[in-house]
Structures are given as structure tokens and as C-alpha cells.
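Number of protein chains: 2
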Amino acid sequence: MQPEEFRAAGHALIDWIADHRLAADQRPVLADVNPGEVRGSFPTTAPDSPVAFDELLQQLEQRVVPGLTEVQHPMHFGWFPANASLASVLGDITSSGLGNLGISWESSPALTEVEEVVCDWMRQLVGLTDAWKGTIHDTASTACVVALLVARERATALAQNQGGLQAVDAPLVVYTTSEAHSSVAKAALLAGYGWDNIQSVDIDPVTRAMVPESLAAAIEADVAAGRTPAAVVASVGTTGTTAFDPVDAIAEVIEASGRSIWLHVDAAMAGTAMLLPECRHLWQGAERSDSITWNPHKWMGTILDCSLFYVRNTGELESVMSTNPSYLQSTADGEVTQYRDWGIPLGRRFRALKLWFHLELDGIEAIRTRIRRDLDNTAWLAGEIEKVDDWTIVSPVPLQTICVRHMPDGLSGDELDEHTLRWVRNINESGAAYLTPARIDVPGLDGSWTVRISVGVENTERRHLEALWDLMRTTATSALS
Amino acid sequence: MQPEEFRAAGHALIDWIADHRLAADQRPVLADVNPGEVRGSFPTTAPDSPVAFDELLQQLEQRVVPGLTEVQHPMHFGWFPANASLASVLGDITSSGLGNLGISWESSPALTEVEEVVCDWMRQLVGLTDAWKGTIHDTASTACVVALLVARERATALAQNQGGLQAVDAPLVVYTTSEAHSSVAKAALLAGYGWDNIQSVDIDPVTRAMVPESLAAAIEADVAAGRTPAAVVASVGTTGTTAFDPVDAIAEVIEASGRSIWLHVDAAMAGTAMLLPECRHLWQGAERSDSITWNPHKWMGTILDCSLFYVRNTGELESVMSTNPSYLQSTADGEVTQYRDWGIPLGRRFRALKLWFHLELDGIEAIRTRIRRDLDNTAWLAGEIEKVDDWTIVSPVPLQTICVRHMPDGLSGDELDEHTLRWVRNINESGAAYLTPARIDVPGLDGSWTVRISVGVENTERRHLEALWDLMRTTATSALS
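Next comes the structure, spelled out in C-alpha cells:
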């Protein structure tokens, strides 16, 4: 395709995207398709001859759009707010349009240096000191793998340069809680620690946050048993209930242990809140950790994939992740950052542009105002729910996630769980809103399945929460009959 | 930013991108900036208030464009052809515009199922049987990590579910060659095998391909010494010289060993050639491997990041990479593909769109014609070089990469290497073309530094190769004086 054809098609596409966004709230939130339905609408072999762009847009509309769950819909309260601000979309489009290649500083100096710039801006915006250097990974899952790899190598004095983890005697242990994101256990397994060496530290039954005294006891017991504490992963805003592990107290425990245990702070969701000075007490002590990750592609709204990963000791990171083949060496080596040595992939897209565009076009104050709006709206909804007897909020609401059960008299145990799953499914299948069911066991509270309301889509206003609350009550009541 | 603002800005951006592409060959290939220069053009803190889109485009032009190395330039012969066809760019823009979220089938059924469709189309287009299922990773580096993780777990009967790699006694060994991409050793280190357990199998001094008899001997010796052969990584088109490890013979060696060693085929660069039936003899036996990766984001031209990863046994892959937290469970489980269980990150972009758009808008026949053009052009240039006495092609040219030295009488050893680095640097710094220097030691041939000419940028025609050959001769001669 030549640039002039691209120009014509591109204009049509921009209009299509703008129209699609304008109509986001006219579509069902959850895609109403059966497994295999989208796949079945495509031919089983690649097209022999090219189609015109207009025709492809029609195919997109007919085959793909019905299969899209609309996370930009103001009635999307599922998983997490996966905002894709249109300002950041413009940055992402620019990245695509430039078609640059990030495999070394030399292969695109701007790609590297704009990433340095925006990572440093973001560092300042969440109140971290200049001891931190950042990069952009695809997701917090990958960031956690990287953190646990560097932790592994710190604990084994770079065993990878000799016999590897398999040559290590004392088992290395990773500490986290049952509330940590599933990617934490996955990262520990991929890094080779093994399931038996993931220590699930006690949580406080109310806050669902790690109990630092239990961490101290676990570390002590492991050391006594000849095991090597290697890493602690602290969750700052857990996926289930946005619980906050007490980072400062955890750092204190690590310091008191006299061991250089790697402390990774997973603030994937709640990092956005740290844009607000009044929220920063929630990750007090983050500055004392070894690595921090948070995802502007969640609540803040820089389009996925954009997961920030900060470390204090870049040399330690590079000693684990670095490769330096001759064909990538250049005269700039030593003077520049080689981001290939900060993560797993060699090649990278120009992801910094979407953060830059987002900050320049929306502006940080508007972003902060929107986040405060979401916190206010969440507090309002939580207040309304608390007023009604047969509804229960099952855990504290420190941020923008409310975990709720409808607990009418006469329902308990499995019946209660079935009721919960029934009413939430009825809402989700209606397409009017989307909420995520999740298992959250609260001591002393009957039932296990809970409904998470994750507030924070860019276009979600108070009126959408009012509509949701109406819908929840109506649907839950109907589900009883 | 609201959709109507996006519409206006988007139209301006499309024009900017089209103009930028039209002028690609007017810019220097290699960015002419010093380390820190782009970074220094930005303020040290994030902007307080938003800017208008016009102003941001000006900043982009002033601060960023001078720092771009232009890999879409027809005189770019560096690293590999990192083509970003404008058809695929439109698909990538669509992905950005939709702002979808891939964390489960349910979070965007179309995102998952279009990926299934295009991976299957691509499988057919390179002639693999329907025994293979594919997914899209960011890069071949990540694909290799995944392959070596699954290999590790196969060799240890899923040790990750117990004590992990650190509980394993017999060292696991990975076999590859000195010519494999740097990401192979990196992947083995990250997966915990350790440097000592990466066996560098002998290569043929002429073809630079793995010698299967040496592989057989190495496996036998390791088994005798109590080590466990876990994986072989065969390079199909090495980075240095596009050497082809003999996959069929390697599969034969593995079969003869009676051990279920994981065979990973890294065809990152040369996979594109397999779109041509006449090239498929080069990876004869790939069908017998356990995993195959190749990057449409290289020569084929689907914009980065687009690395295909195929496995035959998806159950084995999922047993290593799967997580299934309650908040991601749905009624569709068991009937659908959950790509989160096929790789490291949980969340994914809608990358399938760029492959779909590329195939629909450019069409496979035009893509095949272009690849054949590149092979013809490469053969032409190699023929011209061979005619001239003081130029030497240092290794066979099976594909689109020519490794060359200018070896005038009287220069040898370090002086020859200095001469090589001097003339290639003079070309690169001129901005007129870009070639990659790399160390390639050929037995019996003086010198070590070589210049790689990687042919295959979308807009590179015969006349650009003619211009390059003139430039090489002139510059190399001038560099002598």
C-alpha cells in the first residue's frame, strides 16, 4: 500500500473510530456471541486477492464488532477500568505510523530517550524520588517475572552465569499473600522457584492486607530451616478488593532480617491513585523497595500496553537481563540506555508516545480531577449500598472497587452463592452493564462468591452509578423469584 | 479528549503520517543525534497544562523526528528489514482505536478468535499441517523463553508444581550454536538453566549450520555424565549470516536419542521465506519440532510487534503457563482459547488486526512477489560483488543477507578490521545508507569484522542496491587514503 492510499483509508478509519467511540454506550457491554461465532464468520483460508478498504471496514463491522466486549462503555465495571484515552490513542497511532524499531539506542534514539523522559515525568507525578529509573513493559505480569528473576540472581550471586538455578542448594523462597494477583504465583513458577517455595503470608481478615509480623515469622522459620528468603511481593491495591499490603512495615521486616531480600511492589491498579498526593499514604514505604510496577493502562487511561517498571539499581537489573551481541554494539554504548537489557524482549515499539500524548493533550490536572471524581462516585455508591439491609459490602473500600453481596433472609451457603452468580449473570448477559464475580471468603460471613464493582471508566459519571445501583437491586430481587 | 476532537486531530495525524512516509527517503537513514540530545529537548517535568494538537505535532517534528533511525528507508540494509506495511499500520490503528482488552476470551471474544483465525491462515501460508496451533507474542525473544520454560517443565515432569527447578538434581541442558540469536542464550539463562548448561554445538565452517553428528555426540556425552538433555534450539536463518540448521537431521538425532527433548525452531527472520514454496526445503523437518516461531514483523512487513509462535501440544503449553483465578472464570471456559495461558503477560492488545489487514489489503500474492524480488535483488548484488577481486563474501547467501568484506592487498588482521569498521561507519554516518557491522570469524579468512547487508525493505528496488554497491566501493576506497 502506498502512502496516498493509506491517506485515504486512514481518513475513513479515523471517522470510523470516532463514530465507534461515540456509539460506545449504545452497544452491549459484554459481547453477545457464542464461542466460535466470530471465528466461524471468517473464511478458513487466507484471502487470495486483496479487498478494497471500504469492504474491509464492512467486514470489521460485521464480523468483529459483535464480538467486542466494550470496556470503554460507561457501564463497564468489570475487571479494572481499561481506559484508552483518545489522547493516548493518538500517540499509539503515531507509533504505528512511524514504524520505528527499538532494538538498541542507535536503532531509534528518540524511541529510547522519549521513554526515559516520560518514565521520569511519571516518577515525579507519583511522588517517587530521583533514585528510580523506569521503563515500559507490556504488563505487570511481565514486570513481576523480571523482578523475580533479578531477585533470584541476587540471592544466588548470579548463578545464571554458572550452573543456573538448578545448581543452587538452599531453596529460594518468595513471599506474598493469597490476595496477590495470579501473575505473582505464575511469575514465581516461571522463574523456577516452584510452588512449594511460594509462601503465602497471613492476611488481616478485615483489610485483607499482609500481616508484617507473619512475614517476619515466616522469614525466620525459613532461615532456621536452611531456606533462603529471596523476594517479597507486596500488593498495593489487590485485584480482588484493592487491599494494601503495608509496604513500610514490610520493608522494616526485611531490614530487620539483615538479608537483602528483593522487595517488589505491585501497584498495577493503584499506582494511578498515587497521582493524588492525598492517596500516597496507601503505599507509604514504596521508596524503600527494590522495584515498583504500575499500569497507566488501567485507571489512568494510557492505552494498553503500558506498564511502568521502576528499579533503583539499574546495574543489578542489567547484570541479569543484558545481552550485547556484536551486531548491536555501537559507539554510543556506555553513554545511552539500552532498554533491551531491562526486560525480556529485544525489540520494542515506541510505547512512550502514548504516555507523552496523553500527558500533553489531556493534561495531568484533568486526569487527577477525573480520578478524584471516581473516588467520590465510589464513596457515594458504597454509602448507598450500606444504607440497605440486605446488601453487604464484604471488605473495606479504600479506592474505587466495591465488593458486594446481596444477602436476603433465608439464603445461605451454596444457595447464596448461586443467587449471587445468578443476578450478576443476568446483568452481564443483558448487556446493560458488566460486573465481575469473584470468590472472596470473609471469615464469619456466609457465602463465597462476591460481585466486584470496579469504578473508573473515563465516561462513567454519577448517573451511570445511579443506574447501576437501580439495576443491581431490581435484578437481584427478580433473581429470587 | 472527546471523539470529535479525536476526529479532527486524527485526520491531521493521518496526513502527517502519510507525508512522513512519502518523505522517508529524504531523511538520513541513521538518526544524526548525540546521546542525550533528544532527551535534552524535552522539559524535565511533565507539562502542567494541555497543549493543542497542532502544537504537539510541531513538537513531534522538532524533538522526535531528528532522533528517528528510518528503518522504512529504501537504503536501510541494517539489522533486518523491519517493514511496517501501511496496510498493517491501518490494522494497528484499528486496534488502538478499539481500545479492547485481552485478558480472557470473555473480555473480547473477537480479539481471541481473530487471532486464532489469522494464526491458522499464516500456518497454511507457510505450509505447516493442521497439527499446529498458533498465537502472537511480542518478539521471538519472548517466544524462546516460553519454549525453554515448557521444555524445562517437560524434562522435570512439571517440577514447578513442587520444588521448582531448584529442586532438580540432574542438570538440564540446552543445545544450540554460536550462531543462534543472542536471545537464545538469554532465554536459557532466564529460564534458570545456567550458562554452564548451554551447549554450543559445532557448526559447519562454511555453512555455519549446526552439525547434527556433533549434536548427537553432545547428547550422548551429557547423558553419560548424568545430565538431562532438555531442549535444542535450531536456528532457521541465523541473525549473522542466515545460516540454516538442518532441522530434519536434528529431529532425527533427537528421535534416535529416545528422549523427549524439546525442539524449538527459531525462524524469526526466515519464516517469511517459507511463504514461498520454493524456499521450504530450507526448514525441512520443522514439522517434527515442538515449537516454531517466526516474525511477520520482519521481512514480511506486518508492523512490530508480531511474532508468531506455534506449538503442537497446546495442553503441555497450558500446563506450564496457565493461571485461572476466579475473577477470570466464565461459562465459556473449556470451549474457548485463553491466550493468557499461552504466554507470559495476562493482558494483550488486539494484534491480530494488523495481520488480518495486511493480508486483506496487500494480498498474499503481492507479498510473495515482493519477497521474490528481494531474493532476486540479493542474488544480483552478490553476483556483482563476486566479480570484484578485493571484495569477499564471507559466507553463503541462501536468503537476503550478504556478509561482505573489502579486503584490499596489504591490509590484514587488526588493520583490516579497522578498515572495515571505518568504511561502514563512514557510510552509516553519512545518512545515505545503513549497514550493520558484525563479528564473523571464518576459518582461513583474515579479519573478524564483517559488514552485513540485509536486503528486504518494502521500498528497496534494484536501483537502491545499485546505488549501495556504488557507495560501498567509493567509500571503502576513500577509507584507505
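Which chain is which? The protein sequence lines are R and S, in order.
Note that numbering that gives the first Met the number 0 gives residue 52 to position 53 of the first sequence, counting from 1, and the numbers run on in steps of one.
Note that numbering that gives the first Met the number 0 gives residue 457 to position 458 of the second sequence, counting from 1, and the numbers run on in steps of one.
Here a beta-carbon is modelled for each residue, glycine too, at the ideal position from N, C-alpha and C.
Task: Residues sharing a beta bridge with V125(S), DSSP - done: None, per the DSSP bridge assignment.
TODO: Quick one: grab the DSSP three-state call for L262(R).
DONE: strand
Task: Closest by C-alpha distance to V450(S), when choosing among E428(S), V456(S), I439(S) - done: I439(S)
- [ ] Below 7 Å CB to CB, which residues in the same chain sit around F52(S) once its five sequence neighbours on both sides are set aside?
- [x] If you ignore the 5 residues before and after F52(S), its C-beta comes within less than 7 Å of the C-beta of A8, A11, all in its own chain and listed in chain order.
Task: T330(R), buried or exposed, once every other Cβ within 10 Å from all chains shown has been counted against 16 - done: exposed
Open item on the list: Less than 9 Å between the beta carbons of G191(S) and L164(R), yes or no?
Closed with: yes
Task: Interfacial residues, the stretch 73 to 93 of chain R to chain S, with Cβ spacing under 7 Å - done: Within the stretch 73 to 93 of chain R, the qualifying residues are W78, A81, A83, S84, L85, A86, V88, L89, D91, I92, T93.
Task: Other residues of its chain near A83(R): CB distance less than 6 Å, five sequence neighbours each side excluded - done: Correct list, in chain order: I302.
- [ ] With 7 Å as the limit, tell me which residues of the stretch 107 to 122 of chain R have their beta carbon closer than that to any beta carbon of chain S; keep them in chain order.
- [x] S107, P108, A109, E112, V113, E115, V116, W120
- [ ] For S234(R), decide whether its Cβ has a neighbour in chain S, counting only Cβ atoms nearer than 9 Å.
- [x] So, not an interface residue.
- [ ] Using a cut-off of 8 Å between C-beta atoms, extract the partners of H463(S) located in chain R.
- [x] Near H463(S) there are no residues of chain R at all, since even the closest Cβ is about 17 Å away, more than 8 Å.
Task: Rounded C-alpha distance that separates D47(S) from I363(R) - done: 7 Å
Open item on the list: Based on DSSP bridge pairs, tell me the residues matched to R451(S).
Closed with: C402(S), T435(S)
- [ ] Might you give, ordered along the chain, the residues of its own chain that have their beta carbon closer than 8 Å to the beta carbon of R20(R), omitting 5 neighbours on each side?
- [x] Cβ within range, chain order: Q71, L85.
Open item on the list: Does any residue of chain R have a CB that is nearer than 9 Å to the CB of Q399(S)?
Closed with: no
TODO: Would you please verify whether the beta carbon of A224(R) is less than 9 Å from any beta carbon of chain S?
DONE: no
- [ ] Taking C-beta pairs closer than 9 Å, name the residues in chain R that P276(S) reaches, listed in chain order.
- [x] Near P276(S) there are no residues of chain R at all, since even the closest Cβ is about 15 Å away, more than 9 Å.
TODO: Using alpha carbons as the reference points, say which of F41(R), V441(R), D31(R), T93(R) lies closest to E105(S).
DONE: D31(R)
TODO: May I ask you to verify whether the stretch 229 to 245 of chain S touches the stretch 261 to 271 of chain S, counting CB pairs closer than 8 Å and requiring at least 3?
DONE: yes
TODO: Could you check which residue in A351(R), R287(R), D221(R) has the C-alpha nearest to that of A250(R)?
DONE: R287(R)
TODO: Could you confirm whether any beta carbon from chain A is found closer than 9 Å to the beta carbon of Q337(S)?
DONE: Absent from the structure is chain A; the protein chains it does hold are R and S.
TODO: Taking I291(S) as part of the beta strand (DSSP E), name the residues at either end of that continuous run.
DONE: 290 to 293
Open item on the list: My output table needs one value for M209(R): the three-state DSSP class, helix, strand or coil.
Closed with: strand
- [ ] Return helix, strand or coil for I370(S), following the three-state DSSP convention.
- [x] helix
- [ ] Provide the residue(s) that pair with K132(R) in DSSP beta bridges, ordered along the chain.
- [x] As computed with DSSP, K132(R) is found in a beta bridge with V310(R).
- [ ] Please classify P228(S): is it buried, with 16 or more other beta-carbons within 10 angstroms of its beta-carbon, or exposed?
- [x] buried
Open item on the list: Beta carbons nearer than 9 Å to chain S: which residues of the stretch 158 to 177 of chain R have them?
Closed with: Within the stretch 158 to 177 of chain R, the qualifying residues are A158, Q159, N160, Q161, G162, G163, L164, Q165, A166, V167, D168, A169, P170, L171.
Open item on the list: Counting only C-beta atoms, is H296(S) closer than 9 Å to chain R at any point?
Closed with: True, the Cβ-Cβ gap to chain R drops below 9 Å.
Task: Whole-number beta carbon distance between G239(R) and E334(R), since they are thought to touch under 8 Å - done: Actually they are not in contact, since the Cβ atoms of E334(R) and G239(R) sit about 45 Å apart, beyond 8 Å.
- [ ] Quick one: list the residues of chain S neighbouring K386(R), beta-carbon separation under 7 Å, in chain order.
- [x] In chain order: nothing, as chain S lies at least about 27 Å away.
TODO: Say whether chain R places a C-beta atom closer than 9 Å to the C-beta of M209(S).
DONE: At a cut-off of 9 Å, the C-beta of M209(S) has no neighbouring C-beta in chain R.
TODO: Please state whether DSSP places Q61(S) in a helix, a strand or coil.
DONE: helix
Open item on the list: Using only CA atoms, which one of S306(S), N160(S), L464(S) lies nearest to T271(S)?
Closed with: For the options S306(S), N160(S), L464(S), the alpha carbon positioned closest to that of T271(S) is the one of S306(S).
Task: chain R contact for M0(S) (CB, 9 Å cutoff) - done: yes
- [ ] Kindly indicate which residue of M406(S), G446(S), V441(S), W341(S) has the alpha-carbon position closest to the one of M471(S).
- [x] The option with the nearest alpha carbon to M471(S) is M406(S).
TODO: Determine, using beta carbons only, whether G96(R) and A169(R) come nearer to each other than 9 Å.
DONE: no
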